[in-house]
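Each remark here refers to the structure printed beneath this line.
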Amino acid sequence: MMERTTFHRSLPAIALALLFAATLFVAFVEVDFGEPRIEEELPVNYQPGEEIDTENITTPGLRYLANSSEETGSANLVTAVVVNYRGFDTLGEVTILFLAATGVGALLSFIKDDDEKKKKKILPPSLILNKGARLVLPLIILFGVYVFLHGHLSPGGGFQGGVIIASGMLLFYIAEPTKGASHKVISIIESTAGLAFIGLGIVGLMTASKIFLANDFAGDWGEVGMLVSAGLLPLIYIAIGFKVGSEMTGLVEKMRGDGS
Amino acid sequence: MTPDPVLLIVIPLLAAFLTPLVALGSKKFARYVPLIGVLAMGVVSLLLLKDLIEVQPRTYGAYNTIESTTGGFQPPFGISLIVTPLGGLITFGMIMVALYVLVTSIQKKEDDKGPWFEMMAMMATAGAVGMVITGDLFNMFVFLEITSISGTILAALPRGNGEKGLNWKGAAGYAVISALASFLILAAIALLYGATSTLNIAQMAERVGSIDTFVAGTALLLMIIGFGIEAEIFPLNGWAPEVYRGSRWGTSTIFSGIIGKAGLIAMLKVVTVILAPALEGNIAMDILLWGGVITFIVGEAAAFTSKDLYRLWGFSSIGMFGLILAAFSLGGENGIYAAVLIMIGHLISKPVLFSLTGAMRHKDRDLPLSVLDGLMGKSRVTAFLFIGAALMLLGMPPSPIFWGKYFLFSGAGGESNWLLVGLLIVGTLLEAGYIGKLLWRVLPKKEEAKAFKLPITTTVMALIAVALGVLLGAVPGLLQDIIDLVVLEFGGAIIILAGVI
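Residue numbers (the numbering used here), protein chains in the order written: chain A, 1 to 260; chain B, 1 to 501.
Right under this line is the structure:
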């Protein structure tokens, strides 16, 4: 009987939710995603990959597709958009992660006092986990570093590399429950990497274009596809890799409960 | 020299990343890093505002903007920032509110855990400023996220004054509902991006005319609901009272003066610039107008019946958001003048009221209205500041809100919109009712009452704010230049403020 009353009461809400979902569905079907107004602006006889005269182009995506490696020096189109064309958004996203991680730490510090009294008993990890983790951890970290160092060349980048490193640290925490990275060191790496990102942005404000986050050295170092290329982009991704790696590690550390 | 508007974002981010580093050395000194950051933001925004008014040539029909781009590519290829007259004014106002909060709360050792309140207050402000000045729709979403995450942390922090518990109820409510708001706005951005292939607001406005009406209408609905949640517009503001009741006064001030205002301006920007041209007639503006008026009535009525002083100010803020939204949506020069003047009056008076209420707060979870009983006998300075700010909020001359309401009634009466005039009178009477009720408690002297001392920083800052409000209320011609530019921004003609007054 009780359940039935509840169901009756929630009928209007369910109806509203269904109506809302239907509206969203119809609207999203109506839009031709991936079919932007490219045809109108493309030159006649255009071959994919061919560079286009930017003066005639007004659609951002079209210019990114055609000219990204020329303009940013990055072989990876996604990186060109994420770190250069829309680098300002990425700085914002890094800040969001930073605020969330710092906020979680700040809030946990208020409730930790009560928990400290009841020290939890920690079960030792199994031998296989303990030894296996020692074997795999360096490889995971090396892979993370590889992913963020090659962000401008191959799929991946600072965010992905950083998370891979943090996942390795999570494995380390499970395998060695009594050990942990120093909270202070994590915090220093995190802040320094954030400052480095902004510093690299300010470099653009100082150099030729006088524009924040501009990549004025795009064509100066190396050629497209080489490790040393794409100007400041790899440096920014290294900063993001350190930042995300230390931030996520710090988050795991704080959630574990016995960080500083 | 015009500073680059990107500094308004770069400075707080630098300060935010520096704060934990400094906190490792000295937690006390780390509190000053965000304060210095906000101070620097204030200088930049003042210079920008000055340039908007003075340096650039003003021609009829065109308004001044200061633009900047990022990433090295001109818009629409790079993300641009555009400081318009309204944006410049609001940016400056929000930064001043943040400065008020930080200066007034800096000496109180409300928590010794670290400079988190100060840092999150600064970042909420930075996100709000970004939402107002960005020229890119997705970038606006990024700043919205920065603001709502800082807002969640701010709402959760303990109130201090001996109270240690986190405000889980308020913070969790806001976290869930603001995540929903973000999702709705992101869905709307996806629709608009899919339909126009651009995220640049100006370019989108050019292209949006040719897209499907149903898609534009859905995007409009999603945007109004999403930003309406942040701007505390009825019926999307169920989360707000709990945040106002359970947080420290600085958090309440930031929600009422900065986060809500940014949601309001972002909603206006999206609706007027992008979506209104895509839809037939004035449906969008009508929704906003009546939504605003209903929010005004509901907010003031809830404030009238409220038994907790914090909730009362929260509801009164909600009412003011509604009034400002209604004034902007009414449009025309009268509506714009009204909206800007009411917003300035609210930005000046609310921080004072929140900070005085915060200074009176005792250890109970709730703050009954009786805490004001005989305030005149307890502390004359507090009572005078309280009365001054409360009357300013009500719109007793000399107050910018008085002139704002004058223009609002002129605008509504001029269009013979008597229903609107009637509802505005009802709302104003409710407002007068509860402010009268509060003053009734403040005024009688009870000499036996225990003396109460207002902290010196609160006294000084509140005095400055009240004096500024009285000055702007007595000589509203000081605001003529900037409001004229805002009117131009919204496509109206100028009326001579000094001439009317």
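Idealized CB from N, CA, C, for every residue including glycine.
Assigned secondary structure, residue i (DSSP; H/G/I helix, E/B strand, else coil)
i, result
"A:Leu232", "coil"
"B:Thr70", "strand"
"B:Asp373", "coil"
"A:Pro60", "helix"
"B:Ser80", "strand"
"B:Ala498", "At B:Ala498 the pLDDT is 39, less than 50, meaning the model places this residue with poor confidence and gives no usable figure here."
"A:Phe20", "helix"
"A:Thr207", "coil"
"B:Asp484", "helix"
"B:Thr196", "helix"
"B:Phe138", "helix"
"A:Gly259", "Confidence at A:Gly259 is low in this model, with a pLDDT of 43, below 50, so its placement is unreliable and the value that follows should be read with caution. If DSSP states are grouped into helix, strand and coil, A:Gly259 belongs with coil."
"A:Phe212", "strand"
"B:Asp308", "strand"
"A:Ala218", "coil"
"B:Leu431", "Per the sequence presented here, residue 431 of chain B reads as Glu, with Leu not at that position. B:Glu431 falls in the helix class under three-state DSSP."
CB-CB length for residue i against residue j, believed under 8 Å
i, j, result
"B:Met41", "B:Ile106", "That belief does not hold up - the Cβ atoms of B:Met41 and B:Ile106 are roughly 16 Å apart, past 8 Å."
"A:Asp216", "B:Gly72", "7 Å"
"A:Tyr161", "A:Phe148", "Tyr is not the amino acid found at residue 161 of chain A; the sequence shown has Gly there. Contact flag correct, Cβ pair sits at about 3 Å."
"B:Val421", "B:Ala412", "5 Å"
"A:Val244", "A:Gly158", "6 Å"
"B:Gly130", "B:Asn200", "With 8 Å as the limit, B:Gly130 and B:Asn200 do not qualify as a contact, their Cβ atoms being about 16 Å apart."
"A:Phe197", "A:Ile140", "In fact, because the Cβ distance is near 24 Å, the residues do not count as touching under 8 Å."
"B:Ala171", "B:Ala156", "3 Å"
"B:Val293", "B:Gly260", "Contact doesn't hold; Cβ gap of about 17 Å is too wide."
"B:Ile79", "B:Asn139", "5 Å"
"B:Met352", "B:Val466", "The question names Met, yet the displayed sequence has Val at residue 352 of chain B. Right, their Cβ atoms sit about 6 Å apart."
"B:Gly226", "B:Ala181", "4 Å"
"B:Leu184", "B:Leu220", "Going by Cβ atoms, the distance from B:Leu184 to B:Leu220 rounds to 11 Å, so no, they are not a contact pair."
Closer than 8 Å at the beta carbon, the chain B residues around residue i
i, result
"A:Asn56", "None at all; the shortest Cβ gap to chain B is about 13 Å."
"A:Asp220", "Correct list: empty, because the minimum Cβ distance to chain B is about 14 Å."
"A:Glu23", "As written in the sequence, residue 23 of chain A is Thr, which differs from the Glu given in the question. Within 8 Å Cβ-Cβ: Thr218, Leu221."
"A:Ala176", "Reading off the sequence shown, one finds Glu at residue 176 of chain A, where the question assumed Ala. Simply none; closest approach about 25 Å."
Residue i and residue j closer than 8 Å at C-beta
i, j, result
"B:Phe386", "B:Val442", "yes"
"B:Ala462", "B:Leu356", "yes"
"A:Phe212", "B:Thr91", "no"
"B:Met119", "B:Ala16", "yes"
"B:Leu341", "B:Pro476", "yes"
"B:Ala359", "B:Pro241", "no"
"B:Leu52", "B:Ile66", "yes"
"A:Pro125", "A:Pro60", "no"
"B:Phe141", "B:Ile189", "yes"
"B:Thr152", "B:Tyr174", "yes"
"A:Ala166", "A:Met248", "yes"
"B:Gly436", "B:Ile297", "no"
"A:Ser109", "A:Ile186", "no"
"A:Ala80", "A:Ser74", "yes"
"B:Gly319", "B:Met392", "no"
"B:Leu89", "B:Leu49", "yes"
"A:Leu200", "A:Leu235", "yes"
"B:Ile11", "B:Ala121", "no"
Residues that residue i contacts on chain B, provided the C-beta gap is smaller than 7 Å
i, result
"A:Ile111", "Leu166"
"A:Val31", "Leu191, Gly194, Ala195, Val215"
"A:Gly194", "Phe17"
"A:Arg63", "Phe77"
Contact list for residue i against chain A, beta-carbon separation under 9 Å
i, result
"B:Ser182", "Neighbours of B:Ser182 on chain A: none; closest Cβ ~11 Å, over 9 Å."
"B:Met120", "Leu99, Thr102, Gly103, Ala106"
Proximal chain B residues relative to residue i, where beta-carbon distance stays under 9 Å
i, result
"A:Lys184", "Leu24"
"A:Arg134", "In chain order: nothing, as chain B lies at least about 30 Å away."
"A:Gly225", "Per Cβ cutoff of 9 Å: no residues; A:Gly225 is ~21 Å from chain B at best."
"A:Asn84", "Gly71, Gly72, Phe73, Gly78"
Proximal residues of chain A, C-beta to C-beta of residue i below 7 Å
i, result
"B:Glu548", "Since the first residue of chain B shown is 1 and the last is 501, residue 548 of chain B is not available in this structure."
"B:Lys113", "Ala106, Ser109, Phe110"
"B:Ala156", "Leu107"
Under 8 Å by beta carbon: chain A residues contacting residue i
i, result
"B:Pro20", "Thr102, Ser187, Glu190, Ser191"
"B:Trp504", "Since the first residue of chain B shown is 1 and the last is 501, residue 504 of chain B is not available in this structure."
"B:Pro398", "None at all; the shortest Cβ gap to chain A is about 41 Å."
Which runs of the alpha helix (DSSP H) fall wholly inside the stretch 375-424 of chain B and span at least 4 residues, in chain order?
-> 375-378, 380-394, 400-414
Report the residue ranges of all alpha helix (DSSP H) runs contained in full by the stretch 98-165 of chain A; include only those spanning at least 4 residues, in chain order.
-> 127-149
Counting only runs that start and end within the stretch 311-369 of chain B, where is the alpha helix (DSSP H) found for 4 or more residues in a row?
-> 332-360
Any chance you could list the alpha helix (DSSP H) runs of at least 4 consecutive residues sitting entirely within the stretch 189-256 of chain B, in chain order?
-> 201-207, 213-230, 240-246, 249-254
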